[in-house]
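Numbering (the working numbering), first residue to last: 46 to 250.
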């Protein structure tokens, strides 16, 4: 009888030990599952998506210095494209100039005012001239968070009777500022000047 009681007690202790192990394992598994769920939710919330041609693409963060040259050159190209792309429409010219002047300091505004005073834009409109620009190259001389640049491009002025091509060379400095909707790269062109702008060919239409 005593031996049977010992066997029952041993069996009870064994069952209790197994039960505790199962319960402990279940709790550990539940806690791990909850932890991983929170980690996955956090990682998903930290992802940033951008719309490109109507498609959502995941954006990956990187250090500013990793893309400094690429962003700087694109900023310079964007500014020159806005500033020198003109059509015989005063509203279109004003819209482009407004975008361009967000990307540069008063040196660009002075250049715009000088051209306006010389009736350059009025002549574009009255003569039905369409002006476009092709950026050939941009060189950067980087120094910390500042850079000096030169931009080489070709202007094309399409008139009713001819197509005029001009060489264009500009220079300036580039300074980092805060990004904004109007200045997504977060650069400001300073001390901008036109070094060369001369006719290279005229083709009759």
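By construction, the Cβ of each residue, glycine as well, lies at the ideal position given by its N, Cα and C atoms.
- Note that the C-beta distance between residue 121 and residue 75 is not below 8 Å.
- Counting only runs of 3+ residues, the beta strand (DSSP E) found wholly inside the segment 160-235 occupies 175-188, 191-203 and 207-221, in chain order.
- Residue burial annotation: residue 176 is buried, with at least 16 other C-beta atoms found within 10 angstroms of its C-beta.
- Contact check for residue 165 against residue 144 fails: the beta carbons are separated by 8 Å or more.
- For residue 142, the number of other beta carbons within 10 angstroms of its own is at least 16, and it is reported as buried.
- In the three-state DSSP reduction, residue 148 falls in the coil class, being neither helix nor strand.
- One alpha carbon belongs to residue 114, the other to residue 217, and they sit about 15 Å apart.
- For the pair residue 241 and residue 214, the CB atoms are nearer than the 8 Å cut-off.
- Taking a 10 Å sphere around the C-beta of residue 191, we find fewer than 16 other C-beta atoms and assign the residue as exposed.
- Within its own chain, the residues whose Cβ lies closer than 6 Å to the Cβ of residue 116, once the five positions on either side in sequence are excluded, are 230, listed in chain order.
- Secondary structure of residue 135 (DSSP, three-state): helix.
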